[in-house]
Amino acid sequence: MRIFTPNMISVNVTKAIILHNPDLGKKKDEIRYGLEWMISGFIQIFLTVAAAIPLGVAAEAFIILVSGAALRMFSGGAHAKSYFKCLLISLLQVIGLSLLAAHTTIFDKFPEVLLVLLICSAFIIFMRAPVLHKKKDLFNSKEKQKLKILSLLTFGILFSAGYLPYISDFQQCIWLSLIIQSFTLTATWEKILSYGEGFQYK
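Quick note on UniProt numbering: the sequence shown kicks off at 1 and runs consecutively.
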């Protein structure tokens with residue numbers, strides 16, 4: 001039985017779109033990437049929330065997932081070569097962070113640790129973002145610089161959002177998500193993903 005990944009689905013849908021709209025041929029890669037991003041995002045949200053509900057951390061998981069996705073949209077990051085391995089790693093990350101935020105008080109006792117990690121995260125984004133591979137040819141140097149600025153801006157907005165009324169209840173969720181996402185830009189994360197198989201940037 002053939003398993004359809006978001007990449008396979010987006011490629012086939014893009015071919016159909018181009019077939020009926022030949023004038024969009026030059027935008028083929030942009031259309032394919034956009035579709036793949038939306039499809040994989042929907043699958044990830046559905047599976048993550050479904051796994052988080054029995055554990056009582058659905059709200060935390062959703063906030064972490066959305067925060068990380070918002071930053072990753074501009075910063076990029078390394079992915080495992082296998083889509084399903086990438087999905088599993090992401091699922092475990094989000095659920096793990098959700099449980100950490102919901103059931104531990106370590107960062108309440110040592111808030112300076114979280115702040116130091118956030119400062120390091122901002123520095124990593126400044127130095128490394130955007131990390132691209134499959135879509136690197138879609139952007140010139142000026143556009144990549146714009147992505148770096150948007151990455152830092154998104155980081156700042158999400159960091160500040162942690163102080164807003166109601167949202168502040170999920171402050172640690174947002175901040176932990178930013179920290180983990182920035183870590184995916186590092187060479188260390190590359191080595192982790194490359195253990196046993198190749199890795200790729202997206």
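Glycine included, every Cβ here is placed at the ideal spot set by N, Cα and C.
Everything numeric in this text was worked out from a predicted model, so none of it was measured.
Item, Value
"Would DSSP call residue 201 helix, strand or coil?", "Caution is warranted here: a pLDDT of 45 is assigned to residue 201, below 50, making its placement in the model unreliable, and the coordinate value is therefore given only provisionally. Three-state DSSP puts residue 201 in a strand."
"If we ignore side chains and look at the alpha-carbon of each, how far apart do residue 146 and residue 71 end up?", "14 Å"
"So, does the segment 151 to 169 touch the segment 29 to 43, judging by three or more C-beta pairs under 8 Å?", "no"
"Exposed or buried, which one is residue 120 when buried takes at least 16 other CB atoms within 10 Å?", "exposed"
"Cutting at 8 Å between CB atoms, please list the residues of its own chain near residue 171, excluding the five before and the five after it.", "162 and 163"
"Measure the Cβ-Cβ separation of residue 90 and residue 185 and say whether it is below 8 Å.", "no"
"Given that a residue counts as buried once 16 or more other Cβ atoms are within 10 Å of its Cβ, and exposed if not, what is residue 1?", "Residue confidence is low: residue 1 scores 41 on pLDDT, short of 50, so the model does not pin down where it sits. No coordinate-derived value is stated."
"How many Å lie between residue 105 and residue 54 at the Cα?", "22 Å"
"Go through its chain and collect everything with a Cβ distance to residue 117's Cβ below 7 Å, but skip five positions before and after it.", "179"
"Between residue 202 and residue 132, what straight-line distance do the alpha-carbon atoms span, to the nearest angstrom?", "Residue placement at residue 202 cannot be trusted, given a pLDDT of 47 that sits under 50; what the coordinates show is reported in the next sentence. Each residue's Cα considered, the two are about 5 Å apart."
"Can you give the Cα-Cα distance for residue 64 and residue 47, rounded to whole angstroms?", "14 Å"
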